[in-house]
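Counting in the working numbering, the final residue of the sequence shown is number 360, and the numbers go up one at a time with none missing.
All C-beta atoms in this analysis are idealised placements derived from N, C-alpha and C, irrespective of residue type, glycine included.
All remarks here apply to the structure that follows.
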Amino acid sequence: MSNALATFYRNTRAARKIIVVDLGFLGDSVHLIPALVELRRHYPQAELHTISATVGAEVLRLVPAVTRAWAFPLTAPSPPWWRHWGLLRALRREQFDTAFNFSGGDRAIFVTAVTGARWRVAHAAGRDHFWRKWLIPLWVPRQPQSIPVFQQRLQVLAACGLEVGAPSWDLKIPAPARRYAESLNLASAVHLSINASSPLKEWPLEHWISLARKMLEAAPALRLVASGSKSGREQERLTAMAAKLNDKRLTVLAGDCGIAELGAVLQGCRLHIGGDSGVLHLAMALGVPTVALFRDYAAKNEWLPQGPTHRHLVVPCQCVDARPPPCANGPARCLAALAPQQVFESVWSGQLINLLRDS
Numbered sequence: 002m003s004n005a006l007a008t009f010y011r012n013t014r015a016a017r018k019i020i021v022v023d024l025g026f027l028g029d030s031v032h033l034i035p036a037l038v039e040l041r042r043h044y045p046q047a048e049l050h051t052i053s054a055t056v057g058a059e060v061l062r063l064v065p066a067v068t069r070a071w072a073f074p075l076t077a078p079s080p081p082w083w084r085h086w087g088l089l090r091a092l093r094r095e096q097f098d099t100a101f102n103f104s105g106g107d108r109a110i111f112v113t114a115v116t117g118a119r120w121r122v123a124h125a126a127g128r129d130h131f132w133r134k135w136l137i138p139l140w141v142p143r144q145p146q147s148i149p150v151f152q153q154r155l156q157v158l159a160a161c162g163l164e165v166g167a168p169s170w171d172l173k174i175p176a177p178a179r180r181y182a183e184s185l186n187l188a189s190a191v192h193l194s195i196n197a198s199s200p201l202k203e204w205p206l207e208h209w210i211s212l213a214r215k216m217l218e219a220a221p222a223l224r225l226v227a228s229g230s231k232s233g234r235e236q237e238r239l240t241a242m243a244a245k246l247n248d249k250r251l252t253v254l255a256g257d258c259g260i261a262e263l264g265a266v267l268q269g270c271r272l273h274i275g276g277d278s279g280v281l282h283l284a285m286a287l288g289v290p291t292v293a294l295f296r297d298y299a300a301k302n303e304w305l306p307q308g309p310t311h312r313h314l315v316v317p318c319q320c321v322d323a324r325p326p327p328c329a330n331g332p333a334r335c336l337a338a339l340a341p342q343q344v345f346e347s348v349w350s351g352q353l354i355n356l357l358r359d360s
């Protein structure tokens, strides 16, 4: 490790304005929180800014350590960088002293350079371009993918000379969002996250309906709540589930429910069940026990919640590395092989049953 990297904190501890560039969505931004808490602790006098995708900015605005969460609008496919020139100029006018980049992605590298921060450091988690050191002078070697993303980011800070402690998930849900959750009368419900960013990560809708029926039959007083993003595809799946289940004990959150409101609902839930999506990580950060349904892929350990209150079911996938995947538009055949009875038994056993026994 270079001396300049090891002494990065010592050289920047007087910084008055810091920006963290991580253009991730919900899950990536949640995993950024412990690093932001450490940056606030080590730079108590500094303004701490972040820039992320719009949904990422929503969650980072709930982190007290953050002074300002900038939103970088991203769509699929991603727009050319010059479409956001006004935003980039505004960032440069802030005159940041220090910039941290935890992803090493191409677009994030350019955004980090454009900030004009004198001190810039990045995590080598992206592609290795010959020009990257022209834009960001200091690079922390790729951290092991065997540890969670949030832990990787803490290790990046440690490599920069910060003395990091245990991870802290400091999220503050605002009062209006808490009142919204209370109005739904969903205390001690189970949250179902039936959607993901890609159909390849989703359990079949029929399986979700079967699982819901099994749970409601086993615990007649139980309440279920399901949520999704504003996308038409996700809203269609939620509408179809509600219609086919046809049970008043299921509440579907409206499509305009924001991250703060979703967080407030999750805080009141006994359990979260869902696939490989950002909502899983939000539930984890809020201290909600989880059951996760995953395909088996090389970097899955980066994203699987760990600990006694978290359980995961991982299914083998023969085409996970195929380009394009044979079932790119869903449903994922590997996840379809995971039977609702198997998930039900995983929920209704061990420590998790204690969460639901009184329902």
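Stretch-stretch touch, CB-based, cutoff 8 Å, three pairs: the segment 55-65 with the segment 151-166: Remark: fewer than three beta-carbon pairs, one from each stretch, lie closer than 8 Å, so the segment 55-65 and the segment 151-166 are not flagged as touching.
Three-way DSSP call (helix, strand, coil) for T310 in this model: T310 falls in the coil class under three-state DSSP.
Secondary structure of T240, DSSP reduced to three states: Here T240 sits in helix by DSSP.
W120 - partner residues in DSSP beta bridges: Looking at the DSSP assignment, W120 forms a beta bridge with T99.
Buried versus exposed, by CB contacts within 10 Å (16 or more), W135: Exposed, by the Cβ-count rule.
Run of the beta strand (DSSP E) containing W71, from where it starts to where it stops: In the DSSP assignment, W71 falls within the beta strand (DSSP E) that extends over 69-72.
Under 9 Å between C-beta atoms of E39 and I148: Cβ atoms of E39 and I148: not closer than 9 Å.
Euclidean distance between Cα positions of N12 and N4: Approximately 11 Å, taken between the alpha carbons.
Three-way DSSP call (helix, strand, coil) for F9 in this model: Correct three-state label for F9: helix.
DSSP beta-bridge partners of I274: DSSP links I274 through a beta bridge to L193, V292.
Stretch pair the segment 333-343 + the segment 201-213: three plus CB contacts closer than 8 Å: The segment 333-343 makes contact with the segment 201-213: 3 or more CB pairs, one atom from each, lie closer than 8 Å.
Beta-bridge pairing of I20 - partner residues as DSSP gives them: For I20, which the question treats as bridged, DSSP gives the partners H50, A100.
Check whether H282 and L27 have beta carbons under 9 Å apart: Contact flag set, yes.
The alpha helix (DSSP H) enclosing A337, as first and last residue numbers: Per DSSP, A337 belongs to the alpha helix (DSSP H) from 334-337.
Residue span of the beta strand (DSSP E) that contains L139, given as start and end: 139-141 is the extent of the beta strand (DSSP E) around L139.
is_contact[M216, chain D] using C-beta, thresh 9 Å: In the structure shown, chain D cannot be found, because there is only a single protein chain.
CB contact flag (I364, L212, <9 Å): Lying outside 2 to 360, the shown extent of the chain, residue 364 is not represented and no answer is given.
Classification of S350 by the beta-carbon crowding that lies within 10 angstroms, buried from 16 upward: By the Cβ neighbour-count rule, S350 is exposed, with fewer than 16 other Cβ atoms within 10 Å of its own.
Span of the beta strand (DSSP E), counted from its first residue to its last, around A66: Counting along the chain, A66 falls outside any beta strand (DSSP E), and DSSP gives it neither H nor E.
Extent of the continuous alpha helix (DSSP H) to which S199 belongs: DSSP places S199 outside any alpha helix (DSSP H), giving it a letter other than H or E.
Local conformation of A58 per DSSP, three classes: In this structure, A58 counts as helix in the three-state DSSP scheme.
As assigned by DSSP and simplified to three states, the class of S360: Unreliable placement is indicated for S360, whose pLDDT of 49 sits below 50; no coordinate value is reported for it.
Bridge partners - T252, DSSP secondary structure assignment: According to DSSP, T252 bridges with V226.
Where I20 falls, given that 16 or more other Cβ within 10 Å makes a residue buried: Buried, by the Cβ-count rule.
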